[in-house]
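**Student:** My questions all concern the structure below.
Residue numbers (the working numbering), protein chains in the order written: chain P, 1 to 494; chain C, 1 to 311.
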């Protein structure tokens, strides 16, 4: 009897240790209504809204100050609101957010940072924001063309930000040591860039011209379109779409990268680099070029490069290479990959959206982007002068500067000149992609096909495979599920 | 009369058992947190396993879909490769790493200098407390083809450098070696404690009979380690489908992913990051069933061959 009990206990413990589903319910209902009624916008009792976002932790002093400032500013504007910030466990945000939502306690305002996996469609918990946006003033003014397109395709996530894409940069002091750099910037053909890369290594003293964090995506931002990879799906002569990474253009591009790798122009350890070691290599002068998101990230690169190497080390954004086409990585408009959502179960949807609308306005953007007067900035002669504390303040609601009209003191601009330049260059040299949301029943096949591509690309660049293996890769890619996705693409892309 | 004879001793036994429990009440109270932990975090989640058979809904009733997610899992083009990787990596870890803590404990026991022994123990236990992010960083530096100590050594003896981290042939060995480095010291504690528990009179008797250190080790110490060895091996077999999520996430790169992509990383990618909880549950349930089968098999084989098992 004892043996049987022990055996049963062992089975239970082994099974449960390996199983990590948590105690999901089989039935649920709307989350309890937080706060008061939607009608109470200007009443004496504030409307409580629950809010969850990445890097927005209730114990963070800056978050507390930002929340207080928002509440006071909105109250002065006739909207009496109380924001209750929900804690998120440390770890991968999308994973932890999923667990919060899974519990059934759905916040009024939810920030998704990728991985929302069509929550609005599969779980039906997100509000269609179209009617709210139509009635808005500030948000409407802050939407860029890509935002508008994405909202049309998936009107559940709102993200007022420039499309996030990698823009390559070089340090000015290193650029100056490579005479061909100026020519490459003026006429950025692939050949000129190749010459520039060689000079960076031979004359500017860097160990390698370019480094990336683990993948070739950042190189693609610079060279992809020049080889003809103008969209994810490329229309062939027969009128059918093929996945760009299985085409002749990809083969030529990978061959070029393999040449860079073989000649030591591409970091020999790029596959094992992480974002921090990549950036360190750049600041230390080991890598001549790295890529980062245009705008705020380039701003950070610029500030850190100067603080470590002096004013001469300011960063210079580089244009994408010119060839069969020219442009940074095409912009996916199938949906917002991240952004703010209003819960369908919220009893204060209007007020929740009012917070987003307020934050997109002039006063809201100053609180969000710049901080609190007397701390992150001071006012002098009607101009905003940033203090040292500004470095620790970052936007949580609106990253876009499309509708940002704060009166900045010229001595402390919101974004440095290279960051502004990167935004301008991206705007003028970006194109719309034709990628689409992969349906759930093809998700595992898409994952498998992508894994085949990534491995082949890494092996071809590092010389373990050659262009002669490309046809076999295409066959493997199709067999892994790529064919089914291609069939779907040909039905989906109009 | 018969009934009186059979029930009376049982009553006495029951009464003395409760007396025994009462006399050990402090120990039982100490057991309560552990029982609560397992009940809340390990037994209760069994209820959630049924999600593998339902379409998960945050709001409203889950829709019963039968074996849909199992079919999806088994029809995934890379599923067989993932299972293969999981079994190969786990088996390598199980077979290669398992003897290391035992050998380490035996080695520690041979040290006569207590201070030196403690120092070695501390150094050996230390990696256990490091996260895989930190360990991966250390090993990346250690194995770097341009500046790493291993490749510097290879170059010093005239051999070409080798990029162990992007080579499909080497990466599994890197996983095994880094796991051994992290866990061998810590895992040796249980064996070292078992050695410390051996009655010293056995050693004295053996020395009187003319035994040397080798005889002591093979005839006295190793037989005493037999039961912890079998227990730990059996439990390790149960975890054979857990090839190491954190470790692999930190060591993976595009070039070697197909060699080290295991069930856990796949479930993490498809199930958790993409919020497909039912799919993730189905994969985990499959993994758990295999684990249970392996534990029971190992236990019964061990019982059959040696008359000793894990319980």
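Here a beta-carbon is modelled for each residue, glycine too, at the ideal position from N, C-alpha and C.
(1) Chain C partners of residue 271/P, CB-CB under 8 Å?
(2) Identify which residue in 59/C, 218/C and 150/C has its Cα closest to the Cα of residue 158/C.
(3) Using a Cβ-Cβ cutoff of 7 Å, what residues of the stretch 24-53 of chain C are near chain P? List them in chain order.
(4) For my contact list, residue 278/P and residue 212/P are in at a C-beta cut-off of 8 Å; report their separation, rounded to the angstrom.
(5) Within the 8 Å Cβ cut-off, does residue 403/P reach chain C?
(6) Name the chain C residues that come within less than 8 Å of residue 147/P, Cβ to Cβ?
(7) For residue 471/P, count neighbouring Cβ atoms within 10 angstroms of its own Cβ and tell me buried if that reaches 16, exposed if not.
(8) Would you decide whether residue 19/P is buried or exposed? Buried here means 16 or more other CB atoms lie within 10 Å of its CB.
(9) Count the other CB atoms within 10 Å of the CB of residue 365/P; is the residue buried (16 or more) or exposed (fewer)?
(10) Verify the CB distance criterion: does residue 270/C have a CB-CB separation below 8 Å to chain P?
(11) From this set, 252/C, 196/C, 222/C and 241/C, which residue's C-alpha is nearest residue 139/C's C-alpha?
(12) Does the separation of the CB atoms of residue 503/P and residue 321/P fall below 8 Å?
(13) For the alpha helix (DSSP H) holding residue 182/C, just list the boundary residues, first then last.
(14) Of all Cβ atoms in chain C, is any one closer than 8 Å to the Cβ of residue 215/P?
(15) Check whether the stretch 147-158 of chain P touches the stretch 174-190 of chain P, counting contact only when three or more Cβ pairs, one atom from each stretch, lie closer than 8 Å.
(16) On the DSSP bridge assignment, give the partners of residue 292/P in chain order.
(17) Output the residue ranges of the beta strand (DSSP E) runs that lie fully inside the stretch 71-113 of chain C and measure 3 residues or longer, sorted by chain position.
(18) Could you give the DSSP three-state label for residue 384/P: helix, strand or coil?
(19) Mind reading off the beta-carbon distance from residue 142/P to residue 403/P? Whole number of angstroms is fine, and I expect it under 8 Å.
(20) What are the partner residues of residue 343/P, as DSSP defines its beta bridges?
(21) How about the stretch 184-198 of chain C and the stretch 97-117 of chain C: do they share at least three Cβ pairs that are nearer than 8 Å?
(22) When DSSP labels each residue in this structure, what does residue 63/C get in the three-state scheme?
(23) Give the C-beta separation of residue 90/C and residue 241/C to the nearest angstrom, bearing in mind that I take them to be a contact with Cβ-Cβ under 8 Å.
(24) Within the 8 Å Cβ cut-off, does residue 23/P reach chain C?
(25) Identify the continuous beta strand (DSSP E) that holds residue 84/P and give its terminal residues.
(26) Determine which residues of the stretch 199-232 of chain C have a Cβ less than 8 Å from any Cβ of chain P, and write them out in chain order.
(27) When DSSP builds the beta bridges, which residues end up paired with residue 326/P?
(28) Please give me, in chain order, every unbroken run of the beta strand (DSSP E) with length at least 3 that falls completely inside the stretch 343-425 of chain P.
(29) Look up residue 255/C in the DSSP assignment and say whether it is helix, strand or coil.
(30) What are the residues that DSSP puts in a beta bridge with residue 121/C?
(31) For residue 112/P, write down the residues that DSSP places opposite it in a beta bridge.
(32) In this structure, what does DSSP give as the bridge partners for residue 317/P?
(33) Check the Cβ of residue 140/C against every Cβ in chain D and list those closer than 7 Å, keeping chain order.
(34) Shortest alpha-carbon distance to residue 276/C belongs to which of 45/C, 36/C and 69/C?
(35) Leaving out five residues on either side along the sequence, give the residues of the same chain with a beta carbon under 6 Å from the beta carbon of residue 255/C.
(36) Closer than 8 Å, CB to CB, is residue 475/P near chain C or not?
**Tutor:** Per the coordinate set shown:
(1) Taking the first chain and counting its residues from 1, one reaches residue 271/P at position 271. What residue 271/P touches in chain C: 165, 166, 253, 254 and 255.
(2) The sequence position of residue 158/C within the second chain is 158, counting from 1. When only C-alpha atoms are compared, the closest one is 150/C.
(3) 38, 42, 43, 44, 45, 46, 47, 48, 49 and 51
(4) The residue labelled residue 278/P in the question sits at position 278 within the first chain. The residue labelled residue 212/P in the question sits at position 212 within the first chain. Yes, they are in contact, since the Cβ atoms of residue 278/P and residue 212/P sit about 7 Å apart, within 8 Å.
(5) For the purposes of this step, residue 403/P is taken as the residue at position 403 of the first chain. By this cut-off, residue 403/P is not an interface position.
(6) Counted from its first residue, the first chain places residue 147/P at position 147. Ordered by position in chain C, no residue passes the 8 Å Cβ test against residue 147/P, which lies about 24 Å from the chain.
(7) To locate residue 471/P, count along the first chain from 1; it is residue 471. Per the 10 Å Cβ criterion, exposed.
(8) Counted from its first residue, the first chain places residue 19/P at position 19. Per-residue confidence for residue 19/P stands at a pLDDT of 41, beneath the threshold of 50, marking its modelled position as unreliable; the derived number appears in the next sentence. The residue is buried, with at least 16 neighbouring Cβ atoms inside 10 Å.
(9) In the first chain, counting from the first residue as 1, residue 365/P sits at position 365. By the 10 Å Cβ count, residue 365/P comes out buried.
(10) Locating residue 270/C in the second chain gives position 270, counting from the first residue. Chain P contact via Cβ: present.
(11) Along the second chain, read from residue 1 onward, the residue named residue 139/C stands at position 139. Among 252/C, 196/C, 222/C and 241/C, the Cα nearest to that of residue 139/C belongs to 252/C.
(12) Outside the modelled stretch of chain P, which goes from 1 to 494, sits residue 503/P, for which no answer is possible.
(13) The residue you call residue 182/C lines up with position 182 of the second chain. First-last of the alpha helix (DSSP H) with residue 182/C: 168-196.
(14) Taking the first residue of the first chain as position 1, residue 215/P is located at position 215. Yes, contact with chain C.
(15) no
(16) Mapped onto the first chain, residue 292/P falls at position 292. Residue 292/P pairs with 167/P.
(17) none
(18) By 1-based counting over the first chain, the position of residue 384/P is 384. Of the three classes helix, strand and coil, the one that applies to residue 384/P here is strand, per DSSP.
(19) Residue numbering aside, residue 142/P sits at position 142 when the first chain is read from its first letter. Residue numbering aside, residue 403/P sits at position 403 when the first chain is read from its first letter. Residue 142/P to residue 403/P, Cβ: 4 Å. Contact.
(20) If you number the first chain from 1, residue 343/P lands on position 343. BP columns for residue 343/P point to 126/P.
(21) yes
(22) Here residue 63/C is taken as the residue at index 63 of the second chain, counted from 1. In the structure shown, residue 63/C sits in a strand (DSSP, three-state: E or B).
(23) Taking the second chain and counting its residues from 1, one reaches residue 90/C at position 90. Taking the second chain and counting its residues from 1, one reaches residue 241/C at position 241. Between residue 241/C and residue 90/C the Cβ distance is about 7 Å, and since that is below 8 Å, they are a contact.
(24) Here residue 23/P refers to the residue found at position 23 when the first chain is read from its first residue. Low local confidence applies: a pLDDT of 37 at residue 23/P is under 50, so the model's placement there is unreliable, with the coordinate-based value given in what follows. Yes, residue 23/P counts as interfacial toward chain C.
(25) Within the first chain, residue 84/P is the residue found at index 84, counting from 1. Residue 84/P -> beta strand (DSSP E) spans 81-85.
(26) none
(27) Within the first chain, residue 326/P is the residue found at index 326, counting from 1. The partner list for residue 326/P (beta bridge, DSSP) reads 322/P.
(28) 377-380 and 383-386
(29) For the purposes of this step, residue 255/C is taken as residue 255 along the second chain, with counting starting at 1. DSSP places residue 255/C in coil when its eight states are reduced to three.
(30) Against the second chain, residue 121/C aligns to sequence position 121. Looking at the DSSP assignment, residue 121/C forms no beta bridge with any residue, so it has no partner.
(31) For the purposes of this step, residue 112/P is identified with residue 112 of the first chain, where counting begins at 1. Note: residue 112/P sits in a beta bridge opposite 339/P.
(32) The residue you call residue 317/P lines up with position 317 of the first chain. Residue 317/P pairs with 169/P.
(33) Of the protein chains in this structure, namely P and C, none is chain D.
(34) Looking up residue 276/C in the second chain gives position 276. Nearest of 45/C, 36/C and 69/C to residue 276/C, Cα basis: 69/C.
(35) Taking the first residue of the second chain as position 1, residue 255/C is located at position 255. Taken in chain order, the residues that qualify are 166.
(36) Residue mapping note: residue 475/P aligns to position 475 of the first chain, counting from 1. No - not a single Cβ of chain C is within 8 Å of the one on residue 475/P.
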